[in-house]
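J.: Letter by letter, the sequence shown follows residues 14 to 150 in the working numbering.
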Amino acid sequence: MVGFNKVILIGNLTRHPELRYTQSGTPVAKFGLAVSRRFRQEDEQKEEVCFVDIVVFGKQAETCGQYLSKGNGAVIEGRLTLRQWETEDGQRRSKHEVVAQSVTFLPKRQSQNVDSEQGGAEDDYQEPHSSDPGEYA
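#1: Locate the beta strand (DSSP E) running through E60, then write down its first and last residues.
#2: Please name the residue in G71, A47, L81 whose C-alpha comes closest to that of S37.
#3: For the beta strand (DSSP E) that P120 lies in, which residues bound it at each end?
#4: Alpha carbon to alpha carbon, how far is S49 from C63?
#5: Specify the secondary structure class of E110 as computed by DSSP and reduced to three states.
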């Protein structure tokens, strides 16, 4: 059976893109994306946030590093991949991330509470701490 691996996400950056270069000189940008989903449970409005690590290669990585920053919105089209590594103490680790093939920039999202009418407080997502030592350079 032939597989199909395509991911489309719309969300806000949780941190500034980290731009590095591989040993061969290929640009690589890494950043986090918060994707939220609002839903109603009984009579209560709830919001669920999913944090996703994004990796971008090539010229687009340099563009992301130059123009994107924490809080900016982005549309990511790419593929899901599983990265595996071994820690210094021999433990095996793995995590899913999205390798972006296309990144479309969106404006910074404004909070929808009263503060936004009085100067524009921004949503500030905190990504869970990760002990991931995975480096591409």
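Quick reminder that beta carbons are idealized off the backbone N, C-alpha and C, glycines included.
T.: Let's see:
#1: Within the sequence shown, residue 60 is the residue found at index 47, counting from 1. 57-70 is the span of the beta strand (DSSP E), which, as asked, contains E60.
#2: Locating residue 37 in the sequence shown gives position 24, where the first residue counts as 1. Looking at the Cα atoms, G71 is the closest of the given residues.
#3: Counting from one through the sequence shown, the residue named residue 120 turns up at place 107. Careful: P120 lies outside any beta strand (DSSP E) and carries neither H nor E.
#4: Reading the sequence shown from its first residue, position 36 is the one you call residue 49. Reading the sequence shown from its first residue, position 50 is the one you call residue 63. Near 6 angstroms, if we compare the C-alpha coordinates of C63 and S49.
#5: Within the sequence shown, numbered from 1, the residue matching residue 110 stands at position 97. The answer is strand: DSSP assigns E110 an E or B state.
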